[in-house]
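Notes follow once the structure below has been shown.
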Amino acid sequence: EPVGYASVDHREDLIFIQSIAILGDHRSKGIGGKVIQGIIERSEELDIPVHLQVMKINKARELYERMGFKVYDENETHYKFKREPDMKGRSSG
3 EPVGYASVDH REDLIFIQSI AILGDHRSKG IGGKVIQGII ERSEELDIPV HLQVMKINKA
63 RELYERMGFK VYDENETHYK FKREPDMKGR SSG
């Protein structure tokens with residue numbers, strides 16, 4: 003049963019989450035977080051950042067911050083977030 007969708011633009015130098023939508027009855031069950039975690043894991047494998055933007059009134063902002071995203075820009079209506087790949091545990095050579 004479909005419970006929503008995700009639209010992701012996978013570029014050479016970054017992954018851009020265009021949108022994630024979870025149907026009402028399925029929200030707040032961790033589905034969006036699992037989708038985002040999968041995208042983060044892919045960005046780690048490729049050593050590229052993940053970018054997204056969210057409307058300022060959207061409560062999903064709190065989820066993105068918990069998952070390590072940081073605001074790098076904003077306009078009147080949106081925050082722009084990015085999450086850099088985690089360098090912990092990587093060798094330098």
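Terminal number for the sequence shown in the numbering used here: 95, no gaps in between. The beta carbon of each residue, even a glycine, is placed where N, CA and C say it ideally should be. All of these numbers come straight from a predicted model, not from anything done at the bench.
Chain B contact for residue i (CB, 8 Å cutoff)
i, result
"Pro4", "No chain B is present in this structure, which holds just one protein chain."
Local Cβ density within 10 Å of residue i, reported as buried at 16 or more and exposed below that
i, result
"Gly100", "Residue 100 lies beyond the range of the chain shown here (3 to 95); nothing can be said about it."
"Leu54", "buried"
"Arg85", "buried"
"Gly26", "exposed"
"Gly34", "buried"
Where the beta strand (DSSP E) containing residue i begins and where it ends
i, result
"Ile19", "17-24"
"Arg85", "80-85"
"Val10", "6-12"
Cβ separation of residue i and residue j, assumed to be a contact under 8 Å, to the nearest whole Å
i, j, result
"Ile42", "Val52", "6 Å"
Reference residue i; option with closest CA among the options
i, options, result
"Ser9", "Ser21, Glu47, Ile17", "Ser21"
"Gly70", "Val37, Ile50, Pro87, His28", "Pro87"
"Glu78", "Arg68, Lys58, Ala23", "Lys58"
"Val5", "Ala62, Ile24, Leu16, Asn60", "Ile24"
"Leu65", "Ser30, Leu48, Ile50, Glu47", "Ser30"
Segment limits, alpha helix (DSSP H) that includes residue i
i, result
"Glu2", "Here the chain has residues from 3 to 95 only, and residue 2 is not among them."
"Ser30", "No alpha helix (DSSP H) holds Ser30; DSSP gives it neither H nor E."
"Glu67", "62-68"
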